[in-house]
Amino acid sequence: MSDSIKHECGIAMLRLRKPLSYYFEKYGTPMYAMNKMYLLMEKQHNRGQDGAGIANFKLDTKPGQRYISRYRSIDPNPIQDIFRKITKKYRKGLKTGGDKFYDSEWFKDNVAFSGEVWLGHLRYGTHGVNSIENCHPKLRQNNWRSRNLAVAGNFNMTNVDELFDILVKLGQHPKEKADTVTVLEKIGHFLDDENQKIFEKYKGELSNAEITERIETELDVQRILQRACKDFDGGYAMAGLIGSGTSFVARDPSGIRPAYYYADDEIVVVASEKPAIKTAFGVEYSEIKEITPGHALIIEKDGSYSEKSFRDPLEKKSCSFERIYFSRGNDPEIYTERKNLGKLLLPQIFESIDHDLKNTVFSYIPNTAETSFLGMMEGIGEYLAEYRKDRIVKGDLDDKELHDLMLLHPRVEKLVLKDAKLRTFITDDNSRDDLVSNVYDTTYEVINKNVDTLVVIDDSIVRGTTLEKSILRTLDRLEPKKIIIVSSAPQIRYPDCYGIDMSRLKEFVAFRAALELLKERGMENLIDEVYEKCKSAVEERTNINYVKELYAPFTDEEISDRIAKIVTPENMKAEVSVIYQTVDNLHKACPNHLGDWYFTGDFPTPGGMYVVNKAFTFFMEGKTVRAY
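For the sequence shown, the working numbering begins at 1 and goes up steadily by one.
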């Protein structure tokens, strides 16, 4: 994506199912779990540009022994920083214990981060300052082991105000109004309540120490989550560790945010992306399972595990944007989907170039668009195979025509290069714009000037700023006749509220295009009408997206044409055209991931409808804060 945006966080959980001595003997190292956690997190580094954190719980420790360890970091390389510190702890243990360091009992008793339960988090913040306090896992500590809770997640809640009020009614005094705090405290409240119920059950019958043991074995995590999460509105994959040794990963009822797991007799592992599990443990993709929406994978203290329902599942709307851009493309399903996205764009592209492959050059920007570009090229290859066959079957070709036909192929060039990450510290706006326009460079003398058409595919076009300020200016230096920018994603028209930093309507070039068309055609009154409807919808919590009405008067092609005008820089010589993927073709390419609210406005939860209406009222009132 040439327009930089922030997006989802990542989670990694590992539970060892056998005694530590088993791993020491089989793998010949005390660092088996740590090494696996490092791989799980590093292979999801794309989700952790702002910070990272890790927590480790030890099972069945004696009173007086520390059993919870946690590190968090906002270092420029947070994963390496965290594991450097853990390794330092290990080296200290080796220096202190000598050969005893390789004895599993001594190791667990004397070295930090030596427990059986691990939880890692990669933070890609969508709002707020980048401070260590914003990094997960979050801890809720207590002197009762079974009341300790660590939570980390990939989530955004749309109803933080409502959840905050619920905590206040429960008698709590939250220290801040943030979805991470409300989630931690709400689960923590019902964890406390579950503890107390079991305590009351055995009070007077057993000693307090005996009751503690009963609590740790009888905790009903499914019931805790059913009670805690019933009011959550948002997209989430939440992972939690309880001090007694039970752990869980809960996924939202619509399956918006991803969560995958693998289990065998040695481990249970959870991650936000399948390739991380594949790489770390060398298992087959077919062995990696997806956590069912509305269910939690619960790993009990004894290591047994199961998926249990805590919310009634809704229609599955897992995020398609994740498939288009954010997740690593070495997942075979994602790789295939992205290739199909490129291939499905060909009818529109052929129409735009009038089927003139001889005078068309194909390329892509940025590097993440390479896979959809490969799909586009594969589709052109299939088209040419049919074209050659038809021409040859007709039998009306002379030798030169046959020779030219066999040589006909798509022209491919590396046209756009990200030359450097220039620092825009210059305060003068004109000078800064000049620097931005030179972030990208190009390959010269590969284009037939004023003859060739350039087709450049991008993952998606969100704001259009980079196109206008840099990419189109750069391509225009080659002096093509026409430039066609192709987006493998449909037009982004609506804000996201489930974990991706796209919350302000005015930033979307498609929204700007619709407003320009409304004003050009004398339909400004519709803008005011929608504003009034949105205000009422926010007050009454009406489950209707009224912002759709702003786009309704126009075809997708009309919006695309206006976007082309918006992103075309002044004094541009080449003609500029913009082609977007269709929503129908998006669903064909990603049939199992139908979350398309960015493009259609069909939000899977009531909170999404509330946010989009609120976002438009904020736009009309000149408020620049996000709407959730």
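Here a beta-carbon is modelled for each residue, glycine too, at the ideal position from N, C-alpha and C.
Which of the three DSSP states, helix, strand or coil, is assigned to Val611? helix
Might you give, ordered along the chain, the residues of its own chain that have their beta carbon closer than 8 Å to the beta carbon of Ile349, omitting 5 neighbours on each side? Met376, Val455, Ile484, Val486, Ile579
Whose C-alpha, out of Trp106, Ala112, Pro78, is nearest the C-alpha of Arg123? Pro78
Simplified DSSP state of Lys43, which is helix, strand or coil: coil
Does DSSP put Glu575 in a helix, in a strand, or in coil? strand
From the DSSP output, in three-state form, read off Leu139 for me. strand
Give the DSSP-derived three-state secondary structure of Trp597 in the structure shown. helix
Through-space distance from Tyr610 to Arg541, alpha-carbon basis: 6 Å
DSSP on Cys534, reduced to helix/strand/coil? helix
Sorted by chain position, which residues of the same chain lie with C-beta nearer than 8 Å to Phe425's C-beta, five sequence neighbours on each side aside? Bear in mind that a pLDDT of 39 at Phe425, under 50, signals an unreliable position, so the model cannot answer this.
So for Leu341, helix, strand or coil by DSSP? helix
Alpha carbons only, please: which of Glu575, Tyr305, Glu516 is nearest the one belonging to Lys481? Glu575
Less than 7 Å between the C-beta atoms of Leu297 and Tyr261, yes or no? yes
Counting only runs of 4+ residues fully inside the region 464 to 511, write out the alpha helix (DSSP H) ranges in chain order. 472 to 476
Any idea what DSSP makes of Lys316, helix, strand or coil? coil
Touch test, the region 33 to 42 against the region 110 to 120, Cβ-Cβ under 8 Å, three pairs minimum: yes
Taking the Cβ atom as the reference point for each residue, do Ser318 and Gly601 lie within a distance shorter than 7 Å? no
Of all the options Asp265, Ile256, Cys497, which has the alpha carbon lying nearest to the alpha carbon of Asn613? Cys497
Output the boundary residues of the alpha helix (DSSP H) element that contains Asn110. 104 to 110
Three-way DSSP call (helix, strand, coil) for Lys548 in this model: helix
Are the CB atoms of Lys308 and Gly245 within a distance shorter than 7 Å? no
Chain-order list of residues whose beta-carbon lies under 6 Å from that of Thr368 (same chain, five-residue window excluded): Asp459
For Thr605, count neighbouring C-beta atoms within 10 Å of its own C-beta (all shown protein chains included) and say buried if the count is 16 or more, exposed if not. buried
Just how far apart, CA to CA, sit Val181 and Gln65? 28 Å
Who does Ala55 pair with in a DSSP beta bridge? Arg70, Leu119
Simplified DSSP assignment, three categories, for Phe619: helix
CA-to-CA distance, Pro366 to Met1, given in whole angstroms: Unreliable placement is indicated for Met1, whose pLDDT of 47 sits below 50; no coordinate value is reported for it.
Quick one: complete beta strand (DSSP E) runs, 3+ long, within the region 246 to 278? 247 to 251, 260 to 263, 267 to 271
Would you mind stating whether Val270 and Met41 have Cβ atoms separated by less than 7 Å? no
Proximity below 7 Å, CB of Ile11 to CB of His121: yes
Please report how far the alpha carbon of Ala510 lies from the alpha carbon of Ile288, in whole angstroms. 38 Å
Provide the residue span of the beta strand (DSSP E) that contains Tyr236, from first to last. 234 to 242
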